[in-house]
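Chemist: Start counting the sequence shown at 5; every next residue gets the next number (our numbering).
There's a structure below that I have some questions on.
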Amino acid sequence: FCLLLVSGGELFDRIVEKGFYTEKDASTLIRQVLDAVNYLHRMGIVHRDLKPENLLYFNPQDESKIMISDFGLSKMEGSGDVMSTACGTPGYVAPEVLAQKPYSKAVDCWSIGVIAYILLCGYPPFYDENDSKLFEQILKADYEFDAPYWDDISDSAKDFISRLMEKDPAKRFTCEQALRHPWIAGDTALCKNIHESVSRQIRKNFAKSKWRQAFNATAVVRHMRRLQLGSSMGSSIDASNYVTEHLRIHSSTSVLCHIINNHYCLSVTGSHARPNHHNGSAL
Numbered sequence: 005f006c007l008l009l010v011s012g013g014e015l016f017d018r019i020v021e022k023g024f025y026t027e028k029d030a031s032t033l034i035r036q037v038l039d040a041v042n043y044l045h046r047m048g049i050v051h052r053d054l055k056p057e058n059l060l061y062f063n064p065q066d067e068s069k070i071m072i073s074d075f076g077l078s079k080m081e082g083s084g085d086v087m088s089t090a091c092g093t094p095g096y097v098a099p100e101v102l103a104q105k106p107y108s109k110a111v112d113c114w115s116i117g118v119i120a121y122i123l124l125c126g127y128p129p130f131y132d133e134n135d136s137k138l139f140e141q142i143l144k145a146d147y148e149f150d151a152p153y154w155d156d157i158s159d160s161a162k163d164f165i166s167r168l169m170e171k172d173p174a175k176r177f178t179c180e181q182a183l184r185h186p187w188i189a190g191d192t193a194l195c196k197n198i199h200e201s202v203s204r205q206i207r208k209n210f211a212k213s214k215w216r217q218a219f220n221a222t223a224v225v226r227h228m229r230r231l232q233l234g235s236s237m238g239s240s241i242d243a244s245n246y247v248t249e250h251l252r253i254h255s256s257t258s259v260l261c262h263i264i265n266n267h268y269c270l271s272v273t274g275s276h277a278r279p280n281h282h283n284g285s286a287l
């Protein structure tokens, strides 16, 4: 395998720096992600940690393509092992992952829905300082298109997101289905400038995301140590905290990528993509 240098920066940074940003721009970005993930799924690869921080621009040019990075949690589907490990990043994981049920590549489609939601309003669909309450929201697929932030967003965009953020993975859109949705394949995405509201919310809600990733990783380690200590002493464990305690947050790679100026990642750009590097072993 060979390494591919990706120097265009992160998705959020590019959006904030732009002076003009529309729903159509978001649609174009999501189409690129869908093309790439669709290719991965056809190859039997499930990423399992899709989030905006892992979407990088190939180069600094305006027309640069999007690249997917951080395959530390990726896994080959159909390799004989059933995927049931609760892993990912809080806020982006699918309900079936938190429910500790066997899951499939549909978890990536849920994450793309979450990313699309954020790209259109600048804040996440699920949020709570308390992880247990956050996971309860996700398990129920309890999200809304809040006014006034969604007032100028098309019904087609909302329908697209709802198809991906479907609680039942059997009913959830696949990447191929999502690529055929009018918001992606048609002309229903609006061209109104939403940069001011979206960039303001991105700055407000994701300014400390780098710090929070490092903190969350440390917090989970502490939680798991306490859990192991409690088990060895024969003490009972609150079931409401079980999912929180066992969620594996793999942030060491992504935090490192935030610190350095240049990134190395897997080259995935659609039907002609090929893997150049795999950073970390799949669980």
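Don't be surprised by glycine CBs; every beta carbon is placed ideally from N, CA and C.
Predicted, not measured: the structure shown is a model, and the values here were computed from it.
Of all the options Cys179, Asn58, Asn63, Gln65, which has the alpha carbon lying nearest to the alpha carbon of glycine 92?
Modeler: Glycine 92 has its Cα closest to that of Asn58, out of Cys179, Asn58, Asn63, Gln65.
Chemist: So leucine 168 and glycine 95 are in contact, right, with Cβ under 8 Å, and what is the actual spacing, rounded?
Modeler: With a Cβ gap of about 15 Å, leucine 168 and glycine 95 do not count as contacting.
Chemist: If we ignore side chains and look at the alpha-carbon of each, how far apart do serine 78 and arginine 52 end up?
Modeler: C-alpha separation (whole angstroms): 6 Å.
Chemist: Among Lys208, Phe210, Ser203, Asn209, which one has its Cα closest to the Cα of glutamate 21?
Modeler: Among Lys208, Phe210, Ser203, Asn209, the Cα nearest to that of glutamate 21 is on Ser203.
Chemist: Is valine 37 near isoleucine 119, with beta carbons less than 8 Å apart?
Modeler: Yes, the pair counts as a contact, with Cβ atoms nearer than the cut-off.
Chemist: Spatial neighbours of glycine 12 within its chain, please: CB distance less than 6 Å, with the 5 preceding and 5 following residues excluded, ordered by chain position.
Modeler: So the list reads Tyr61, Phe62, Asn63, Pro64, Ser68, once near-sequence residues are dropped.
Chemist: Among Ala145, Asn134, Ala103, Ser136, which has the Cα closest to the Cα of tryptophan 114?
Modeler: Taking only the C-alpha atoms, the option nearest tryptophan 114 is Ala145.
Chemist: Do the CB positions of proline 106 and methionine 87 come within less than 8 Å of each other?
Modeler: Result yes, Cβ atoms of proline 106 and methionine 87 sit closer than 8 Å.
Chemist: Among residues of its own chain, excluding the 5 on either side of alanine 110, which ones have a beta-carbon nearer than 6 Å to its beta-carbon?
Modeler: So the list reads Pro173, Arg176, once near-sequence residues are dropped.
Chemist: With 16 as the cutoff for other CB atoms within 10 Å, does leucine 15 come out buried or exposed?
Modeler: With 16 or more Cβ atoms within 10 Å of its Cβ, leucine 15 is classed as buried.
Chemist: If the criterion is Cβ atoms closer than 8 Å, does the pair aspartate 112 and leucine 194 meet it?
Modeler: Contact flag unset, no.
Chemist: Please confirm whether threonine 147 and phenylalanine 130 have their CB atoms less than 8 Å apart.
Modeler: The amino acid at residue 147 is misidentified as threonine; the sequence shows tyrosine. In this structure, phenylalanine 130 lies closer than 8 Å to tyrosine 147 by Cβ.
Chemist: Would you please state the rounded distance, in angstroms, between the beta carbons of aspartate 132 and leucine 124? I believe it to be under 8 Å.
Modeler: Actually they are not in contact, since the Cβ atoms of aspartate 132 and leucine 124 sit about 21 Å apart, beyond 8 Å.
Chemist: Taking the alpha-carbon of glycine 126 as reference, which of Leu44, Gln205, Pro56, Ser160 has the nearest alpha-carbon?
Modeler: Of the listed residues, the one whose Cα sits closest to glycine 126 is Gln205.
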